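In terms of our numbering, the sequence shown opens at residue 60 and continues consecutively.
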Amino acid sequence: MTQKSARTVTVGAAQLGPIARSDTRRDVVERLLALLHQAHERGAELVVYPELALTTFFPRWHLEDQHVIDSFFEREMPGESTAPLFEEAKRLGIGFSLGYAELTPDGHHYNTQILVERDGTVVGKFRKVHIPGHENQEEWRPFQHLERLYFEPGPDGFQAFRGFGGIVGMAICNDRRWPETYRVLGLQGVELILIGYNTPIHYAPDPSQNVLQGFHNHLVMQAGAYQNGTWVIGVAKGGVEEGVDSLAGSAIIAPSGEIVAQCQSSDDELAVATCDLDLCRNYKETLFDFERYRTPEHYQRITQQRGVRLPD
Ligand code: CDT
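Next comes the structure, spelled out in structure tokens:
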């Protein structure tokens, strides 16, 4: 029998299939619990659920009634419907990361993901930084992507947290496409980045990208893992949800950039891998030894300008 090092974490990428608008939180939590139990049977210590895992992906609709909009948001975590997930995970000694829409007591709306340790303690909270899509209804689209109407950008940026015997970061969906996301976490020594996503296959501004969605999804996460010497766990809500087909392809990616486990379906499915956090050192202490090789004096444009400035 092989000896497990203290620096391994067995992770379950808990992909979800579609959630209908009519599904209740209770319906969804039942599905999260079923995946949690599968994860327990397969030896997982950490289960990662997708972005906005408790409801349908509501930004596809232009909603005008604030009460209806707020009905997709959680005012407390855990709340009445999510308490059974917290209780069962704690009973089983499994930690988890969950994406949900957060409405704060002072009225802020965020696209949020939390990290919960095996004893049930919330040890990290991340609020999505890169908010994609558009602010106003655009009739020409077959469906909307109104995240910029419903969510404010997270004010706290990319913070790494200590948990699961290592250093853990989170990012949500569109954040995974930006190299800065991984590098800011990489500069905090991150070893495990947990990413939930809802990615419609049809990209209305440029449908030529539709067939490339799966490729681009893995491309960005594999590059982020390799260039920062970190594990990356990408977890989808996939399948045809309220008529909109969304990307599946949840994957567990090693610091080498290689995919070591991947979901095969577009439905509720668990992919499991044991992540050796010490493998990160192979990259962090060689090619990507930041202290030795980075040249931040040449990277000033990254923080000093937002858009492109063409040469004279
Ligand atoms: N949820 C989310 O961020 N989705 C975006 C869709 C593309 S922008 C309309 C993504 O980057 O996958």
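Just so it is clear, CB atoms sit at the ideal spot from N, CA and C, and this is done for glycine as well.
All values derive from a computational prediction rather than experimental measurement.
Residue i - DSSP class collapsed to helix/strand/coil
| i | result |
| --- | --- |
| residue 280 | helix |
| residue 262 | coil |
| residue 296 | strand |
| residue 304 | strand |
| residue 69 | strand |
| residue 267 | helix |
| residue 181 | strand |
| residue 196 | coil |
| residue 273 | helix |
| residue 367 | coil |
| residue 90 | helix |
| residue 84 | helix |
Residue i vs residue j beta-carbon contact at 8 Å
| i | j | result |
| --- | --- | --- |
| residue 255 | residue 226 | no |
| residue 107 | residue 148 | no |
| residue 70 | residue 95 | no |
| residue 310 | residue 323 | no |
| residue 229 | residue 274 | no |
| residue 171 | residue 179 | no |
| residue 343 | residue 288 | yes |
| residue 191 | residue 263 | no |
| residue 84 | residue 156 | no |
| residue 92 | residue 143 | yes |
| residue 315 | residue 285 | yes |
| residue 252 | residue 291 | yes |
| residue 109 | residue 75 | yes |
| residue 300 | residue 115 | yes |
| residue 260 | residue 306 | yes |
| residue 270 | residue 236 | no |
| residue 331 | residue 101 | yes |
| residue 87 | residue 224 | no |
| residue 213 | residue 169 | yes |
| residue 313 | residue 329 | no |
| residue 207 | residue 198 | no |
| residue 325 | residue 293 | no |
| residue 135 | residue 154 | no |
| residue 111 | residue 257 | yes |
Per DSSP, the bridge partner or partners of residue i
| i | result |
| --- | --- |
| residue 290 | 251 |
| residue 169 | 161 |
| residue 379 | In the structure as shown, the chain begins at 60 and stops at 371. Residue 379 is therefore absent and cannot be evaluated. |
| residue 361 | DSSP output for residue 361 lists no bridge partner at all. |
| residue 186 | 171 |
| residue 75 | 296 |
| residue 156 | 107, 174 |
| residue 310 | 293, 321 |
| residue 256 | 295 |
| request: Please list, in chain order, all residues with a C-beta atom less than 5 Å from at least one heavy atom of the ligand CDT. | output: Qualifying residues come out as 191, 192, 204, 232, 233, 257, 258.
| said: Extract the residue ranges of the alpha helix (DSSP H) inside the segment 313-355, only unbroken runs of 4 or more that lie entirely within it. | reply: Assignment of alpha helix (DSSP H) within the segment 313-355, counting only whole runs of 4 or more residues, yields 339-343, 349-352 in chain order.
| task | Quick one: which unbroken alpha helix (DSSP H) runs of 4-plus residues sit fully inside the segment 103-150? Chain order, please. | result | Within the segment 103-150, the complete alpha helix (DSSP H) segments at least 4 residues long are 125-129, listed from N- to C-terminus.
| task | Return the chain-ordered ranges of every alpha helix (DSSP H) run that is complete within the segment 198-245 and spans a minimum of 4 residues. | result | The segment 198-245 contains these whole alpha helix (DSSP H) runs: 206-209, 238-245.
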